[in-house]
Amino acid sequence: MKGLIEAQIIIRRDMDKTPPKIPVDTGNLRASYYTIISSGKLLEGETPNFKGGNAPRMSGEHMPEIMRAKNLLPSNGPSLALGFSAFYAWFVHEMIDAKFGRPGAGAKFLEASIKRNEKPILEAIRKNAKARK
305 MKGLIEAQII
315 IRRDMDKTPP
325 KIPVDTGNLR
335 ASYYTIISSG
345 KLLEGETPNF
355 KGGNAPRMSG
365 EHMPEIMRAK
375 NLLPSNGPSL
385 ALGFSAFYAW
395 FVHEMIDAKF
405 GRPGAGAKFL
415 EASIKRNEKP
425 ILEAIRKNAK
435 ARK
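Using my numbering, read the sequence shown as starting at 305 and increasing by one per residue.
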């Protein structure tokens with residue numbers, strides 16, 4: 305589990321520092337980020353501060369989205385889910401031709417971070433892995 309947590313930290317930090325970065329308008333997409341582990345513990349995203357006209361909707365959909373992600377985690381062995389609960393996260397992620405206001409922001413921010421950090425992610429998992437008997 306420690307390796308998975310370290311891996312998600314690598315991804316999370318990278319999405320905010322290396323282009324393409326998470327697009328930011330009101331900050332709601334970034335605020336909707338969550339990480340949950342197989343025990344059901346929410347590591348990040350418990351109390352996001354949503355703003356603007358969509359804030360009530362986003363607040364109401366945040367925990368149900370996290371519960372959906374939790375229910376997809378396998379029941380045996382360590383596992384982790386990370387993502388964004390914002391109802392528009394998928395659309396923004398896939399908007400290849402969009403021009404974003406934040407310098408360096410762009411589509412595929414999550415996918416690019418995972419691909420860009422494949423070696424450090426795998427190393428974090430490898431160094432913390434323990435074989436079961």
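The beta carbon of each residue, even a glycine, is placed where N, CA and C say it ideally should be.
Keep in mind that this is a model prediction, so the values were computed, not measured.
Quickly, what does DSSP pair F413 with across the bridge? List them, please. As a working note, residue 413 is residue 109 in the sequence shown. According to DSSP, which records beta bridges pairwise, F413 is partnered with nothing at all.
Counting only runs that start and end within the segment 355-408, where is the alpha helix (DSSP H) found for 4 or more residues in a row? 359-376 and 393-398
Does A325 come out as helix, strand or coil in the three-state DSSP assignment? Counting from one through the sequence shown, the residue named residue 325 turns up at place 21. In the sequence on display, residue 325 carries Lys and not Ala. K325: strand per DSSP, three-state reduction.
Given A390, which residues of its chain have a CB within under 7 Å of its CB, disregarding the five upstream and five downstream residues? Translated into positions along the sequence shown, residue 390 becomes position 86. Excluding positions up to five away in sequence, the list reads N332, L333, S336 and M362.
Supposed contact pair I341 and L376 - C-beta distance, whole angstroms, cut 8 Å: In the sequence shown, counting from the first residue as 1, residue 376 sits at position 72. In the sequence shown, counting from the first residue as 1, residue 341 sits at position 37. With a Cβ gap of about 13 Å, L376 and I341 do not count as contacting.
Which residues share a DSSP beta bridge with E348? For this step, residue 348 is matched to residue 44 along the sequence shown. E348 pairs with T339.
For G331, three-class secondary structure by DSSP: Within the sequence shown, numbered from 1, the residue matching residue 331 stands at position 27. Residue state, collapsed to three classes: coil.
Under a three-way DSSP split, which group does N432 fall into? Your numbering for residue 432 matches position 128 in the sequence shown. In this structure, N432 counts as helix in the three-state DSSP scheme.
Could you give the DSSP three-state label for M305: helix, strand or coil? In the sequence shown, counting from the first residue as 1, residue 305 sits at position 1. M305 falls in the coil class under three-state DSSP.
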